[in-house]
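Novice: This structure is in structure tokens; I'll ask about it shortly.
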Amino acid sequence: MRHFLVVLGAALGLTLLTACPKGGASRSVTGQISVTRDAQTQPIGDAQVRIWPKDPLANGEPFEAEAVQNLRGVAMTRQSGQFEVGSLTSAETHAEYELLKGWTYVIEVEVPGYYITSTSFDYVGGQAWV
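Take our numbering: the last position of the sequence shown gets the number 1011, and nothing is skipped along the way.
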């Protein structure tokens, strides 16, 4: 199990690659969760992925509709380990918002029965792979 946790953490060592650096109309964060066991990489299906904005960057998009700490984006990984988060939902008002450009986000992954891990990444807009 220790090997699993180390590899899962490494898989979440999140390198942000921005496919659309100027932030086109489509905003989303996608990625894949996998683990390497016995020199074989296996996708992790049915893991819950949560993201939320933490702090604005220098050019961060302003957001004043409600408290930022209320916002969460949630997705489940497919059997391929891939996920996509395309919006944020308020836990308080249940309103839905676009991902905020120019913010540092926290990403947390929960693999049922194994582990919860988190890290952060900068989202500059458009479609991003983490």
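Idealized CB from N, CA, C, for every residue including glycine.
With DSSP as the reference, label Gln950 as helix, strand or coil.
Specialist: Working through the sequence shown from its first residue, we reach residue 950 at position 69. Here Gln950 sits in helix by DSSP.
Novice: What residues in its chain sit with their C-beta under 6 Å from that of Glu973, if we drop five residues either side in the sequence?
Specialist: Along the sequence shown, read from residue 1 onward, the residue named residue 973 stands at position 92. Closer than 6 Å at Cβ, skipping near neighbours: Asn951.
Novice: Within 10 angstroms of the Cβ of Leu938, are there 16 or more other Cβ atoms? Answer buried if so, exposed if not.
Specialist: Translated into the one-based positions of the sequence shown, residue 938 becomes position 57. With fewer than 16 Cβ atoms within 10 Å of its Cβ, Leu938 is classed as exposed.
Novice: Pull up the DSSP beta-bridge partners for Pro937, would you.
Specialist: If you number the sequence shown from 1, residue 937 lands on position 56. DSSP, once it has assigned bridges, lists Trp984 as partnering Pro937.
Novice: Using the Cβ count rule (16 or more neighbours within 10 Å means buried), how would you classify Pro993?
Specialist: For the purposes of this step, residue 993 is taken as residue 112 along the sequence shown, with counting starting at 1. By the 10 Å Cβ count, Pro993 comes out exposed.
Novice: Can you tell me whether Ala928 is buried or exposed? The criterion is at least 16 other CB atoms within 10 Å of its CB, across all chains shown.
Specialist: Counted from its first residue, the sequence shown places residue 928 at position 47. The residue is buried, with at least 16 neighbouring Cβ atoms inside 10 Å.
Novice: Leaving aside the five residues before and after Ile997 along the sequence, list all residues of the same chain whose C-beta is less than 6 Å from its C-beta, in chain order.
Specialist: Taking the first residue of the sequence shown as 1, we reach residue 997 at position 116. Glu991.
Novice: With DSSP run on the structure shown, which of helix, strand or coil describes Gln1008?
Specialist: Numbered from 1 along the sequence shown, position 127 holds the residue referred to as residue 1008. Here DSSP, grouped into helix, strand and coil, assigns Gln1008 to strand.
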